[in-house]
Amino acid sequence: MIEERFDSHTLAIMNFALDRVCAEARHGEGTTLSELTEAGQQALTKVTAAAE
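Be aware that the sequence shown starts at 186, since it is given in the working numbering, and climbs by one per residue.
Have a look at this one:
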């Protein structure tokens, strides 16, 4: 899965970021995988656009 596409350092950073976001979310444990995926895609689009 995802482990095959990223090195261990990148995976650790991604995991840390996800933990921080979910810890601050009011009902983070109730967020579905689809909702998290959509949020991640939107964030990646913003970051990519800002870098151009």
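We put the beta carbon where it would ideally sit given N, CA and C, even for glycine.
Point to revise | DSSP three-state assignment for residue 204, whether helix, strand or coil | key: Assigned with DSSP and collapsed to three states, residue 204 falls in helix.
Check your understanding: Is any heavy atom of the ligand SAM found at a distance shorter than 7 Å from the C-beta of residue 203?
Key -> With respect to small molecules bound, the structure shown includes none, and the ligand SAM cannot be examined in it.
Practice item. Could you check the C-alpha separation between residue 201 and residue 235 for me, to the nearest Å? Key: Approximately 22 Å between the Cα atoms of the pair.
Review point. Would DSSP call residue 223 helix, strand or coil?
Key: Residue state, collapsed to three classes: helix.
**Study point:** residue 216 versus residue 206: straight-line alpha-carbon distance, rounded
**Key:** So the two alpha carbons sit approximately 11 Å from each other.
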